[in-house]
Structure formats: structure tokens, C-alpha cells
Ligand SMILES: Cc1cc2nc3c(=O)[nH]c(=O)nc-3n(C[C@H](O)[C@H](O)[C@H](O)COP(=O)(O)OP(=O)(O)OC[C@H]3O[C@@H](n4cnc5c(N)ncnc54)[C@H](O)[C@@H]3O)c2cc1C
């Protein structure tokens with residue numbers, strides 16, 4: 078058996094639980110095969126690539142279950158509650174912070190067989206089970222003349238349930254918003270095996286919005302089984318624009334002014350000088366500049382007006398459509414980590430958000446903080462999501478740990494510097510990847526007194542602490 082780096086314990090009643098699962102669900106929905114246990118021993122948390130290369134895993138589950146209906150999920154949660162055995166909801170496993178790692182052993186519940194979907198055209202609503210794959214959902218909608226507008230870079234490996242649980246956001250967010258803006262209704266199973274259904278309405282004032290309790294819940298309250306989301310008619314018009322600016326401040330200020338005027342380009346990405354060189358190497362005129370790509374889309378009349386506003390406000394040289402086409406073609410490629418990890422290079426990305434008034438300060442503080450760690454080869458960022466109030470910076474660092482420093486120690490040092498610099502600069506420690514197991518150590522500082530509230534809510538819903546125990550540190 079391989080070493081398990083994060084494993085805390087093995088549940089006492091696991092054999093009973095497996096027996097009951099097999100009686101209730103049948104053997105086609107459960108597995109204890111080593112290959113399956115290995116597949117669910119990790120997610121896409123990048124430091125774990127280094128562990129896997131050394132023949133170590135984060136933690137094995139004891140059993141994997143693939144429910145096919147919400148009734149199956151009810152049975153699983155009931156059994157887990159009765160036996161006091163941990164349950165970890167699992168979607169695509171593309172989470173990047175260890176949120177789905179079964180650190181206390183127990184049952185991994187992969188919901189991907191639950192993927193039914195239907196469109197309610199007059200209401201502009203899609204209803205789908207949460208195991209549905211992101212790309213499949215968007216393609217299904219596109220074929221019927223609609224879009225959800227939720228295109229994360231992980232569109233292909235992630236699921237609807239994972240999007241809600243991590244509060245994910247897509248590349249077209251400046252127009253369509255994040256998953257929280259799309260969610261109208263939700264169904265989830267919570268301990269001791271109870272279905273909670275909050276129906277979709279255009280708006281409702283029926284107490285605190287409990288739908289939102291599950292947004293960003295990272296699998297600690299229950300298993301989300303279904304959701305109702307807003308959809309849009311597929312855009313009839315699309316304009317591609319790009320610019321080269323002298324400074325990051327010029328580009329940020331241009332976007333700030335565009336949003337103040339009420340225009341909502343779907344995609345806006347501002348790359349610092351390092352990332353412009355890396356992504357737009359084909360375009361000589363962008364060399365040494367800050368590159369921006371913008372896509373405006375929607376109803377032709379509205380899109381034309383928004384395009385004019387972008388052209389009026391952007392401080393930078395127009396670079397035309399080609400850089401945007403290049404971005405569209407390359408935006409899902411993430412091969413660097415698997416190429417460089419075997420060479421010992423440690424890479425990760427860190428996304429944070431900040432108000433406009435602190436934006437440039439935060440960018441420089443975080444880049445410099447990461448660069449101050451011995452071994453860091455580069456630290457860079459692009460601004461990837463925008464609001465009238467501020468911006469998300471998506472930092473990337475890469476480095477080689479110095480002699481006698483392990484990859485994990487090096488990784489933690491860089492993260493610690495970045496998180497502290499973010500908090501000191503007035504930012505929030507996560508914009509969309511969430512907390513998981515890795516970021517939990519900085520969550521209490523960010524939430525302050527509200528962290529205790531989060532813990533209390535968790536323990537009221539899940540009194541035996543069986544639903545994704547340890548995640549987010551609660
Ligand atoms: C290459 C790459 C690019 C990425 N790009 C983006 C991006 O553009 N935007 C973005 O927001 N994120 C991005 N991510 C992060 C990740 O894809 C998202 O967090 C995504 O929402 C995770 O979905 P998943 O189905 O893979 O969830 P998983 O990794 O399986 O799970 C993530 C968390 O959600 C919980 N969970 C999963 N399903 C359920 C459910 N049905 N009920 C309750 N809890 C559940 C798990 O327990 C876990 O805590 C990227 C990741 C990678 C690897």
C-alpha cells in the first residue's frame with residue numbers, strides 16, 4: 078500500500094457501512110477496488126502531484142459509491158450518519174485545494190451518474206442534476222439556442238455540483254456573473270438523510286436565502302443533488318477586441334471606467350508584462366506591454382453600444398481580433414504543471430480579489446512577497462474577473478526548492494507570503510477556487526468572528542461531523 082500523507086484515521090464502523098451500502102444500493106454502485114480507491118485519493122491540488130510522483134497519496138477512501146438518484150444519496154447519508162462514517166461529495170475532482178480528499182477515510186460519493194437535464198424555455202431556466210459535466214451542460218444548452226455563460230477553464234473536467242460547492246466562476250463572468258448569480262433553486266441531502274428542496278423563483282423574500290448556504294459550502298453541509306439556473310439566449314453578436322497598454326495601471330483604469338458606464342463585456346483579461354510575453358508571444362507589438370483581451374457579446378444593438386464604450390474608454394493601442402482568437406484557441410491548455418512537476422519545479426496559481434482603490438498596491442505586494450521566497454523563478458498575474466467595485470487577480474508562481482527544503486515546505490512558504498500580503502493589502506484570500514484543506518489555515522483571519530458562526534452552522538446541520546470532515550478547517 079502507498080503512504081498516505083494526510084490520513085488522520087480509519088472509521089471504526091466502516092465494514093458495517095460497506096455491508097449496508099451493498100445491501101441497499103447493490104454492488105454495481107459501489108467499489109472497494111484499489112484502482113478506484115486510488116482514483117479518489119486526491120483531486121487537482123497541485124502540490125499533491127509532487128507527492129504522487131514520490132509514490133505517496135493524500136488519503137485513500139475505504140469505499141467509492143456512485144449514486145444514480147437522490148434516493149440513493151439519501152440512503153448513503155442515512156447509513157453514514159447511523160454508522161458515524163465520513164462522506165465526501167465528489168464531482169469532477171478538479172478542485173485545486175484538496176477539498177475532496179478523504180482525510181478521515183470513509184465513503185467518497187461521486188455524483189457523476191446523476192446527470193439528467195431539461196430546459197424550461199419560457200422561464201429561461203435549466204434544471205439539472207449536479208453530476209452533469211460542465212462541458213456537456215453548456216453544449217446541451219448551445220444546441221437548443223441558449224447559454225449558461227459559465228465557462229471556467231475547468232469546463233471539461235468539472236461538474237455543476239462542484240461549481241456550486243466551490244462558488245466557481247467562468248471566463249465570461251463580467252457579463253454573466255458567477256454561479257451564485259445563476260442559481261435560482263437547489264436540492265440537497267443533509268444528515269441524517271433528509272432532502273432539502275428550495276424551489277426556483279425569479280426572486281423570493283422568504284427569510285434568509287438558504288439556497289446561498291450551499292454556494293461555497295465545499296461539501297461540508299450535505300450533498301447537492303439538483304439545481305435550477307438562469308440561462309440566456311445564445312448571443313447573436315460577438316466583438317473581439319484587444320489592446321496593448323504601457324502600464325498595468327492604465328489597463329486597470331480603462332476597465333474600471335468601462336464598468337462605471339454600465340457596459341458589461343463578457344470577457345476581460347488583463348495580463349501583466351510577464352504573462353503578456355508568455356501568452357501573446359506571436360504578437361510582436363505586444364512585447365514589453367500589458368496585453369488585454371475583451372469580448373463583447375449579446376443582442377446586436379446592445380453589443381454594438383458596449384463595443385463603442387470599450388473603444389472610447391480604453392487607454393492603449395488597439396491590437397485587433399487576432400490576439401483574442403489566439404486566447405480563445407489556447408484558453409483551456411494547462412500542461413505546464415504535468416510537464417514541469419517531474420523536473421522538480423513547483424507551480425501553482427492563487428486567485429484573490431480586491432477593491433479598485435487597493436488593486437495596484439495588492440498586485441505589487443503579492444508579486445514581491447512571492448518573489449522574496451528563495452527559489453522562486455517567477456511570479457506574475459493577470460486580472461481575470463471584473464466588477465464595478467474591483468477586480469480578481471490570478472497569480473502564478475513557479476520555483477525550484479533550495480537544497481534541504483522539500484517541495485511542500487517551499488510551496489507552503491510561497492503561499493503563506495501571498496496570503497499574508499493579500500490580507501495586508503485589503504484583499505480577500507480567495508476569489509473563486511475556495512478554501513479546501515490547503516487554504517483553511519488563513520480562513521479564520523479573513524472571517525474573523527464569522528468563522529465561529531460558520532463552525533456553529535456546520536455542527537447544527539451535521540451534528541456527527543460526517544460530511545466532508547476537516548474541509549475548510551471546520
Ligand atoms: C485546470 C483548471 C482550471 C480551473 N479553472 C477554474 C475557473 O476558471 N474557475 C473556477 O471557479 N474554478 C476553476 N478551477 C477549479 C475547479 O475546477 C472548480 O473549483 C470546480 O468548481 C470544481 O468542480 P468539481 O466538479 O471538479 O468539484 P470537485 O473537485 O469534485 O469538488 C470540489 C469541492 O466541492 C465539493 N462537491 C463536489 N460536488 C459536490 C456536490 N454535488 N455536493 C456537495 N459538495 C460537492 C467537494 O466535496 C469538494 O469540497 C480550475 C481547476 C483546474 C484544475
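Numbering (the working numbering), first residue to last: 78 to 551. By construction, the Cβ of each residue, glycine as well, lies at the ideal position given by its N, Cα and C atoms.
For ligand 1, I want to know if residue i counts as a neighbour, meaning its beta carbon is within less than 7 Å of at least one of the ligand's heavy atoms.
i	result
residue 251	no
residue 466	no
residue 510	yes
residue 404	no
residue 542	no
residue 23	Because the chain spans 78 through 551 in this model, residue 23 falls outside it and cannot be assessed.
residue 445	no
residue 149	no
residue 143	no
residue 489	no
residue 304	no
residue 248	yes
residue 219	no
residue 104	no
residue 295	yes
residue 125	no
residue 207	yes
In the DSSP assignment, find the unbroken beta strand (DSSP E) run with residue i in it and report its ends.
i	result
residue 318	314-322
residue 368	367-375
residue 305	300-307
residue 261	260-267
residue 164	164-167
residue 464	453-464
residue 472	467-476
residue 430	423-432
residue 187	184-187
residue 411	Premise fails: residue 411 is in no beta strand (DSSP E) and is neither H nor E.
residue 197	194-197
Excluding five sequence neighbours on each side, which residues of the same chain lie with their C-beta closer than 6 Å to the C-beta of residue i?
i	result
residue 234	169, 171
residue 143	106, 187, 190
residue 150	144, 266, 300, 302
residue 538	267, 298
residue 86	181
residue 97	156
residue 546	163, 181
residue 120	170, 172, 177
residue 231	171
residue 276	262
Which partner residues does residue i have in the DSSP bridge list?
i	result
residue 275	263
residue 107	142
residue 395	320
Rank the options by C-alpha distance to the C-alpha of residue i and give the top, closest one.
i	options	result
residue 123	229, 374, 164, 175	175
residue 292	228, 119, 152, 256	256
residue 305	94, 197, 443, 433	197
residue 281	296, 295, 262	262
residue 366	436, 455, 459, 447	459
residue 339	260, 532, 385, 229	385
residue 207	146, 165, 185, 220	146
residue 288	271, 127, 242	242
residue 278	307, 294, 272, 271	307
residue 464	361, 426, 358, 332	332
residue 511	245, 178, 82	245
residue 236	185, 167, 258	167
Leaving out the 5 sequence neighbours to the left and right, which residues in its chain are closer than 8 Å to residue i when beta-carbon positions are compared?
i	result
residue 91	139, 140, 160, 162, 182, 183
residue 341	251, 252, 383
residue 222	310, 311
residue 422	454, 475, 476, 477
residue 93	160
residue 215	224, 225, 227, 228, 232
Once the 5 residues before and after residue i are set aside, which same chain residues still bring their CB inside 7 Å of it?
i	result
residue 506	429, 496, 499, 500, 516, 519, 523
residue 479	451, 452
residue 467	430, 431, 432, 433, 436
Which residues mark the beginning and the end of the alpha helix (DSSP H) in which residue i is found?
i	result
residue 338	Note, residue 338: premise wrong, no alpha helix (DSSP H); not H, not E.
residue 490	484-501
residue 160	147-160
residue 100	91-102
residue 205	Careful: residue 205 lies outside any alpha helix (DSSP H), inside the beta strand (DSSP E) at 202-206.
residue 552	Absent from the structure is residue 552, since the part of the chain shown begins at 78 and ends at 551.
Is it the case that the CB of residue i approaches a heavy atom of ligand 2 more closely than 7 Å?
i	result
residue 177	Ligand 2 is absent from the structure shown, which contains only ligand 1.
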